[in-house]
Amino acid sequence: MGDIDFQAMEFAYEKHADQAAATQARHPVVVVGAGPVGLTTALDLARQGVRVVVLDDDYRLSTGSRAICFSKRTLEIWDRLGVGQRMVDKGVSWNVGKVFFRDQEVWRFDLLPEPGHRRPAFINLQQYYAEGYLYEQARQEPNIDLRWKNKVVGLEQAGDGVVLSIDTPEGGYALRADWLVACDGARSPVRKLIGQESHGRIFRDRFLIADVKMKADFPAERWFWFDPPFHPNQSVLLHMQPDNVWRIDFQLGWNADPVEAVKPENVLPRIRALLGPDAQFDLEWVSVYTFACERMDKFRHGRVVFAGDSAHRVSPFGARGANSGVQDAENLAWKLRLVLAGQAPESLIDSYAAEREHAADENILNSSRATDFITPKSDISRSFRNAVLNLARTHAFARTLVNSGRLSLPATYADSPLNSPDRDTFAGRMRPGAVALDAPVRGPGDSPWWLSQLDAGFTLALFCGDQPPAIDTLQALRALRLAAVPVKAVLVAGPGCDTAGWPEDMAHVVDNEGLLAQRYDALSGTAYLIRPDQHIAARWRAFQPDAVTSAVNRAIGRA
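So that you can map any letter, position 138 of the sequence shown is 138 in UniProt numbering, and since no number is skipped, the others follow by simple counting.
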């Protein structure tokens, strides 16, 4: 069976019962926008038992490949939502990048040099495939009501909710949402309806994107050229995509005419200069874009929350756009679920804004620095850049200064008020606020990976190097499981831990290779509290029930 042509799919408008209801319908969450961020948000909420309405003013998925680089963290989120493997199976996995200056390679880097990870550093996958797989998964969720050709044209905050005015091919109607999540893109109509803007920096440069279908023997790597002979004084980026499609980005300069630049007679010579005069290829998609690094001042406005490009936008170098939007979704979903259930105060949503505003600032900083390096705007900055590139051939210190796009990594919420500060001494990266690292384990289920053991709730990982926990510890762990905000305990057994007496109704995994303990700097008795979005909430050298309860309260905004 061949691939579905997601580019050709069109979704029929269907009149909903809400449009003819005698009283205004009310829904817990309405998501505006059925792109990758909106669909991820809806899926995450739906799988946690929250009913979601998704409104989209279009009747198709995105046109052209658009975002193509999806990071390891994004794949781990999609694993939890049931679509990660499908993305990886179709996508082109890669870890290695190369940087060239003129006609010489100056630096090679590996983004995932160590073994023992389920997912690669990145996959390349056309956005319409990612959207298509998310759409098909969403269609199977009874908690998701997806409405095409439903355009939000009015919005009124109403204390404990939002009243939306919606336009359809059969006229308008209104509905009420307890919470509205705006995932409606960089030009966000919802943002305009509440009188908000994004602020930041527009870069005076233009790039041409060309998607080319051809058969080539280039490896699945990221290649970036500075000032190559085939495109002098500018930059070029090459990526492999599925279906023998290759993404080529050509820097054009600010004075380039975007209308003229996309004409075949101007695009084809650029591609032939790179590939050679006899190269056989078909042009699939062409676009011109201008860089922008900007964000809204605040991501929450009453009961309206912004995620993805509607909240923040970065230049494409570093693959920080779509990936940060998906990470917005994972941060928000569990918090909305707890607030809707009355298990957490409404102020927990403020922590979404604070944590993701911090992540946006980090992405904008990295993206701005990359853009300044790639597109120097003065003779001095160009001379500095070229000197760095020349030195990078033979000097390791210079390679750290080469910036063709610092590639997307998940943010660490080091200063989040949801973190419980360390009281014990630890080494390594797994501090409160960091995203949990994966490692191979042996345990229940089909997936031999640690992150697969974490569900949509809080998890307490209890490491056992020798003796299993005592009876009173088991009783305390059961009490945590029965708390108002339950905590699932997972025993992580090292090679010397006897798990024969561990109760069958409590989860355990075996850390066969010791990688999990190594990555978490865990000794026997070490405990980690992991949030529903797989970020570390707290850690201790010894399990203490009261400390865990306190850390959970802090992590749900009840400190």
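Glycine included, C-beta positions come from ideal geometry on N, C-alpha and C.
request  = Alpha carbon to alpha carbon, how far is V29 from P144? Give it in angstroms, no decimals.
outcome  = Reading the sequence shown from its first residue, position 144 is the one you call residue 144. Reading the sequence shown from its first residue, position 29 is the one you call residue 29. One detail in the question is off: residue 144 reads as Ile in this sequence, not Pro. The straight-line gap from Cα to Cα measures roughly 10 angstroms.
message = From the DSSP secondary-structure annotation, give me the bridge partner or partners of M296.
response = Within the sequence shown, residue 296 is the residue found at index 296, counting from 1. Partner(s): S198.
ask   = Enumerated in chain order, which unbroken segments of the beta strand (DSSP E) with a length of 3 residues or greater are wholly contained in the segment 167-230?
value = Qualifying beta strand (DSSP E) stretches, in chain order: 171-182, 198-213 and 222-226.
message = Looking at the secondary structure, which residues open and close the alpha helix (DSSP H) in which H358 lies?
response = One-based indexing of the sequence shown puts residue 358 at position 358. Its alpha helix (DSSP H) spans residues L348 to I374.
query = So, helix, strand or coil for L238, using DSSP?
reply = Taking the first residue of the sequence shown as position 1, residue 238 is located at position 238. Strand.
query = Between the segment 425-438 and the segment 514-525, are three or more C-beta pairs nearer than 8 angstroms?
reply = yes
query = Which residue comes first and which comes last in the beta strand (DSSP E) that contains residue 583?
reply = Summary: the structure shown does not reach residue 583, with the chain confined to residues 1 through 559, and so no result is reported for it.
query = Which residues bound the alpha helix (DSSP H) around W107?
reply = Taking the sequence shown and counting its residues from 1, one reaches residue 107 at position 107. Careful: W107 lies outside any alpha helix (DSSP H), inside the beta strand (DSSP E) at Q104 to D110.
query = Where does P469 fall in DSSP's three states?
reply = Looking up residue 469 in the sequence shown gives position 469. Note: P469 maps to coil in three-state DSSP.
task = State the DSSP-derived secondary structure class of A537, mapped to helix, strand or coil.
result = Counting from 1 along the sequence shown, the entry for residue 537 is found at position 537. Strand, per DSSP.
message = So G465 and S381 are supposed to be a Cβ contact under 8 angstroms. How far apart are they, rounded?
response = Walking along the sequence shown from the start, residue 465 turns up at place 465. Walking along the sequence shown from the start, residue 381 turns up at place 381. Rounded, the Cβ-Cβ distance is 53 angstroms, inconsistent with contact.
query = Can you give the Cα-Cα distance for R423 and A547, rounded to whole angstroms?
reply = As a first step, residue 423 must be located in the sequence shown, where it is residue number 423. As a first step, residue 547 must be located in the sequence shown, where it is residue number 547. If you take the alpha carbons of R423 and A547, they lie about 11 angstroms apart.
request  = Using the Cα positions of F299 and L409, report the straight-line distance between them to the nearest angstrom.
outcome  = The sequence position of residue 299 within the sequence shown is 299, counting from 1. The sequence position of residue 409 within the sequence shown is 409, counting from 1. Between F299 and L409, the C-alpha separation is close to 21 angstroms.
message = Taking the straight line between their C-alpha atoms, what separation do you get for Q126 and R187?
response = Locating residue 126 in the sequence shown gives position 126, where the first residue counts as 1. Locating residue 187 in the sequence shown gives position 187, where the first residue counts as 1. Straight-line Cα distance between these residues: approximately 21 angstroms.
request  = Determine the extent of the alpha helix (DSSP H) in which K488 is found, giving its start and end residues.
outcome  = Within the sequence shown, residue 488 is the residue found at index 488, counting from 1. K488 -> not in any alpha helix (DSSP H); beta strand (DSSP E) instead, spanning V487 to A493.
task = Please classify E330: does DSSP put it in a helix, a strand, or coil?
result = Counting from one through the sequence shown, the residue named residue 330 turns up at place 330. Helix, per DSSP.
inquiry  = Just to confirm my understanding: we take H312, look at its own chain, exclude 5 residues before and 5 after, and list those with CB closer than 6 angstroms. What are they?
reply    = Along the sequence shown, one-based indexing puts residue 312 at 312. So the list reads R295 and A360, once near-sequence residues are dropped.
task = Could you name the residues that DSSP lists as bridge partners for R147?
result = As a working note, residue 147 is residue 147 in the sequence shown. According to DSSP, R147 bridges with L55.
task = Alpha carbon to alpha carbon, how far is Y129 from K213? Give it in angstroms, no decimals.
result = One-based indexing of the sequence shown puts residue 213 at position 213. One-based indexing of the sequence shown puts residue 129 at position 129. When rounded, the separation of the alpha-carbon atoms in K213 and Y129 is 16 angstroms.
task = To the nearest angstrom, report how far apart V31 and P232 are at their CA atoms.
result = As a position in the sequence shown, residue 31 is number 31, starting the count at 1. As a position in the sequence shown, residue 232 is number 232, starting the count at 1. Whole-angstrom Cα-Cα distance: 45 angstroms.
ask   = Leaving out the 5 sequence neighbours to the left and right, which residues in its chain are closer than 6 angstroms to M1 when beta-carbon positions are compared?
value = Within the sequence shown, numbered from 1, the residue matching residue 1 stands at position 1. In this prediction, M1 scores a pLDDT of 46, lower than 50, which makes its location untrustworthy; the coordinate-derived value is nonetheless stated afterwards. None.
key: Inter-stretch contact at 8 angstroms, needing at least 3 Cβ pairs: the segment 339-350 / the segment 390-398   = no
Alpha carbon of residue 560 to alpha carbon of G38, nearest angstrom = A query on residue 560 cannot be resolved here, the shown segment of the chain reaching from 1 to 559 and no further.
ask   = By Cβ distance, which residues of its chain are closer than 7 angstroms to G433, with the 5 residues on each side in sequence left out?
value = The residue you call residue 433 lines up with position 433 of the sequence shown. Hits under 7 angstroms: T412, Y413, A414, S416, N419, H535 and I536.
query = By Cβ distance below 8 angstroms, which residues in the same chain neighbour V88 in space, the five residues on each side in sequence not counted?
reply = Translated into the one-based positions of the sequence shown, residue 88 becomes position 88. The answer, listed in chain order, is L75, R119, P120 and I123.
request  = May I ask which residues mark the beginning and end of the alpha helix (DSSP H) holding F122?
outcome  = The residue you call residue 122 lines up with position 122 of the sequence shown. Where F122 is concerned, there is no enclosing alpha helix (DSSP H), although the beta strand (DSSP E) it sits in stretches over F122 to N124.
Bridge partner(s) assigned by DSSP for G97 = Translated into positions along the sequence shown, residue 97 becomes position 97. For G97, which the question treats as bridged, DSSP gives the partners F109 and R222.
query = Looking only at DSSP bridge pairs, what is Y289 linked to?
reply = In the sequence shown, counting from the first residue as 1, residue 289 sits at position 289. Partner(s): F207.
message = When you compare the CB positions of G325 and D309, do they come within less than 8 angstroms of one another, or not?
response = Reading the sequence shown from its first residue, position 325 is the one you call residue 325. Reading the sequence shown from its first residue, position 309 is the one you call residue 309. Cβ atoms of G325 and D309: closer than 8 angstroms.
inquiry  = What does the alpha-carbon distance come out to for the pair E284 and Q157?
reply    = Counting from 1 along the sequence shown, the entry for residue 284 is found at position 284. Counting from 1 along the sequence shown, the entry for residue 157 is found at position 157. Their Cα atoms are separated by approximately 44 angstroms.
Residues sharing a beta bridge with A507, DSSP = Along the sequence shown, read from residue 1 onward, the residue named residue 507 stands at position 507. In the DSSP output, where bridge partners are listed per residue, A507 has V490.
A461 to V490 span [Cα, whole Å] = Along the sequence shown, one-based indexing puts residue 461 at 461. Along the sequence shown, one-based indexing puts residue 490 at 490. If you take the alpha carbons of A461 and V490, they lie about 5 angstroms apart.
message = Tell me which residue opens and which closes the alpha helix (DSSP H) that A551 is part of.
response = Residue 551 sits at position 551 when you count from the first residue of the sequence shown. Note, A551: alpha helix (DSSP H), P545 to A555.
Completely contained alpha helix (DSSP H) runs for the segment 403-487, where each covers 4 or more residues = List check, alpha helix (DSSP H) in window: 471-481.
query = What is the DSSP secondary structure of S71, counted as helix, strand or coil?
reply = Position 71 of the sequence shown, counted from the start, is the residue given in the question as residue 71. The answer is strand: DSSP assigns S71 an E or B state.
message = I need the boundaries of the alpha helix (DSSP H) containing R259, first residue and last residue.
response = Here the question's residue 259 lines up with position 259 in the sequence shown. Rather than Arg, the amino acid found at residue 259 in this sequence is Val. Per DSSP, V259 belongs to the alpha helix (DSSP H) from P258 to A261.
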